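K.L.:
So the sequence shown is numbered by this note's numbering: it starts at 4 and just counts up by one. Next up is a structure, given as structure tokens.
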Amino acid sequence: MPEVFEESIEIRKYIDLNKQNFEDSLLLEAVNVKDKIKEIEKYGNINLINNAHKLIGFVINGKEKELEDFAEQEGIAWATHALTLSFKLEWIQAIRRTLWRYIQKYYEQMKNVSLEELFILEKQINNRIDKFLNVFFIIYSKYKDKLIKEQRELVENLSVPIIPITPSISILPLIGTIDSMRADILEEKVLMEIGNLRIQTLIIDLSGIADMESDVIHHLIKMIDGISLMGCNAIITGLRAEVVRKMIHLGMKFDKNTETLGTLQQALYQYIGKI
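Rendered as structure tokens:
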């Protein structure tokens, strides 16, 4: 085993002496990645060439802990910047093929090569590269799931921006498009916040919604019924003509206890003036 380790050091020296040729060969192997190298470095601050040399150093020298740490670092970086996994896989496999080509060139210059030592070296190097890939993909997956969860929570909070204006009155200004998924989030968050904040009057401003599908309107009406069941008054403001026409044609209407006003300003004036 000491001979194999010493041989690894010599292989590393050989690759360093032929660094430029090694890099040129690597780029020829990575057909789809080579044109993306500058783009990946620009948007992900990842230097693929430097990282290739770092990976090779850890693999050849048997730096197991450093190899795992590097794989974790790479997994987080690629997940953070949403870089394409197929590029990463192609790049690592190109590094593997190029490394073995240069190991072959190194051994072609040697005499009395031990076949046993070569097999041991082959097992060590390929196992370490495989280990790098395994750790990379596990960390990438975990970190990506974490980012997706955080982004979803952020979107949910932004989708339901309940703003308290007094201890008992809050505003829910809605803008953009409301689909079925957002309608589900709205219902869950609104009912929860009514209980948490002890809201007695919720002003729902729809002036930022140009149109709604019929199933979303139906969902909104059901949500308002739920608001009423929790002992909270729902005030609707800013209904667009398109939405009103659709409700009329579909035979939909709010509960008789639900008040509607033309603008948010009217609701604020009317309800703040009563306090």
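Glycine included, each C-beta is placed from N, C-alpha and C at the ideal position. All of these numbers come straight from a predicted model, not from anything done at the bench.
Could you check the C-alpha separation between G47 and P167 for me, to the nearest Å?
P.N.:
To locate residue 47, count along the sequence shown from 1; it is residue 44. To locate residue 167, count along the sequence shown from 1; it is residue 164. For G47 and P167, the distance between alpha carbons rounds to 40 Å.
K.L.:
Can you give me the start and stop residues for the alpha helix (DSSP H) that N54 sits inside?
P.N.:
Your numbering for residue 54 matches position 51 in the sequence shown. That run of the alpha helix (DSSP H) goes L51 to N64.
K.L.:
For F257, which of L271, M233, T266 and L223 has the nearest alpha-carbon?
P.N.:
Within the sequence shown, the letter at position 254 stands for residue 257. When each option's Cα is compared against that of F257, the closest is L223.
K.L.:
Using 8 Å for Cβ pairs, my map puts L205 next to S173. What's the rounded Cβ distance?
P.N.:
Within the sequence shown, numbered from 1, the residue matching residue 205 stands at position 202. Within the sequence shown, numbered from 1, the residue matching residue 173 stands at position 170. Their Cβ separation, rounded to whole angstroms, is 6 Å, which keeps L205 and S173 in contact under 8 Å.
K.L.:
With DSSP run on the structure shown, which of helix, strand or coil describes G265?
P.N.:
The sequence position of residue 265 within the sequence shown is 262, counting from 1. Here G265 sits in coil by DSSP.
K.L.:
With three or more C-beta pairs closer than 8 Å as the rule, is the stretch 143-152 touching the stretch 76-87?
P.N.:
With a cut-off of 8 Å, the stretch 143-152 and the stretch 76-87 count as touching, because enough Cβ pairs lie within range.
K.L.:
If you compare alpha carbons, which of S89, I212 and I132 is closest to N64?
P.N.:
Taking the sequence shown and counting its residues from 1, one reaches residue 64 at position 61. Among S89, I212 and I132, the Cα nearest to that of N64 is on I132.
K.L.:
Identify whether A237 lies in helix, strand or coil by the three-state DSSP scheme.
P.N.:
One-based indexing of the sequence shown puts residue 237 at position 234. Reduced to three states, the DSSP call for A237 is strand.
K.L.:
In angstroms with no decimal places, state the Cα-to-Cα distance between A186 and M226.
P.N.:
One-based indexing of the sequence shown puts residue 186 at position 183. One-based indexing of the sequence shown puts residue 226 at position 223. About 9 Å.
K.L.:
Check the DSSP bridge columns for P176 and list the partner residues they point to.
P.N.:
Looking up residue 176 in the sequence shown gives position 173. Note: P176 sits in a beta bridge opposite D208.
K.L.:
By Cβ distance below 6 Å, which residues in the same chain neighbour L242 in space, the five residues on each side in sequence not counted?
P.N.:
The count along the sequence shown starts at 1 and reaches residue 242 at position 239. Cβ neighbours of L242 beyond the five flanking positions: L209.
K.L.:
Please return the same chain residues whose Cβ sits closer than 8 Å to the Cβ of Y105, not counting the five positions on each side in sequence.
P.N.:
Here residue 105 is taken as the residue at index 102 of the sequence shown, counted from 1. Taken in chain order, the residues that qualify are I14, Y17, I18, N21, F25 and S28.
K.L.:
Rounded C-beta distance between G179 and G229? I'm assuming under 8 Å.
P.N.:
By 1-based counting over the sequence shown, the position of residue 179 is 176. By 1-based counting over the sequence shown, the position of residue 229 is 226. Wrong, their Cβ atoms sit about 22 Å apart, outside the cutoff.
K.L.:
Under three-state DSSP, which class holds I106?
P.N.:
Residue mapping note: residue 106 aligns to position 103 of the sequence shown, counting from 1. Residue state, collapsed to three classes: helix.
K.L.:
May I have the straight-line CA-CA distance separating K91 from K45, to the nearest angstrom?
P.N.:
On the sequence shown, position 88 is the one that residue 91 refers to. On the sequence shown, position 42 is the one that residue 45 refers to. Between K91 and K45, the C-alpha separation is close to 16 Å.
K.L.:
So L177 packs on V193, CB below 8 Å; how close in whole Å?
P.N.:
Your numbering for residue 177 matches position 174 in the sequence shown. Your numbering for residue 193 matches position 190 in the sequence shown. L177 to V193, Cβ: 10 Å. No contact.
K.L.:
From what residue to what residue does the alpha helix (DSSP H) around L86 run?
P.N.:
The residue labelled residue 86 in the question sits at position 83 within the sequence shown. L86 -> no alpha helix (DSSP H), and no H or E assigned at all.
K.L.:
Along the chain, where does the alpha helix (DSSP H) that runs through K37 open and close?
P.N.:
Within the sequence shown, numbered from 1, the residue matching residue 37 stands at position 34. Per DSSP, K37 belongs to no alpha helix (DSSP H) and is neither H nor E.
K.L.:
Going by the beta-carbon positions, is the gap between I220 and M250 smaller than 8 Å?
P.N.:
Position 217 of the sequence shown, counted from the first residue, corresponds to residue 220. Position 247 of the sequence shown, counted from the first residue, corresponds to residue 250. In this structure, M250 lies closer than 8 Å to I220 by Cβ.
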